[in-house]
Amino acid sequence: MVRKRSGRRNENRKDKAITSVVQLSNIINSPKVFRNRIRDVAARDLLKLGKKHGTRGNSETNSNICRMCKSILIPGKNMKIRIRDKSIISTCNRCANIKKRGPMFHQELK
Ligand SMILES: [Zn+2]
436 MVRKRSGRRN ENRKDKAITS VVQLSNIINS PKVFRNRIRD VAARDLLKLG KKHGTRGNSE
496 TNSNICRMCK SILIPGKNMK IRIRDKSIIS TCNRCANIKK RGPMFHQELK
């Protein structure tokens, strides 16, 4: 009988997921190399991976993806950026999803 270690297998799967996240992030962050259509697909896969395996790209990569329509947000091209009350308000042109990022976004409120 073949000995199976399920724990090991899960580890491998997670490793693969992390490798994929790195590759997808590279695609997303290389607009000069990859076409937008390819980057959109990469963005979709990246979000899918994050949901499935709990792996995520870096925050910069993640913040450039629209959560609603899962497309890459390119400032001035398919997204609008407005600054109001010290927070950044970005609007996706494709699905009109509005995202707010304020100066306190990464800080805990005390
Ligand atoms: Zn959108």
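Using this note's numbering, the first residue of the sequence shown is number 436, and each one after it goes up by one.
Each residue gets a CB set at the ideal place from its N, CA and C atoms; glycine is no exception.
The structure displayed is predicted, hence computed values, not measured ones.
Taking the C-beta atoms as reference points, T490 is found no nearer than 7 Å to L482. Environment of ligand 1, chain-ordered: C501, M503, C504, S506, C527, R529, C530, N532, taking every residue with Cβ within less than 7 Å of a heavy atom. Between T496 and S460, the C-beta spacing is below 7 Å.
For I524 and K535, the gap between their C-alpha atoms comes out near 5 Å. Cα atoms of R470 and P538: separation of roughly 32 Å, rounded to the nearest angstrom. Distance check between M514 and each of N499, V457, I463, R472 places N499 closest, using alpha-carbon atoms only. The C-alpha of A478 is placed about 9 Å away from the C-alpha of C501.
In the three-state reduction of the DSSP assignment, T526 falls in the strand class, which pools E and B. When beta bridges are read from the DSSP output, M514 appears opposite P510, C527.
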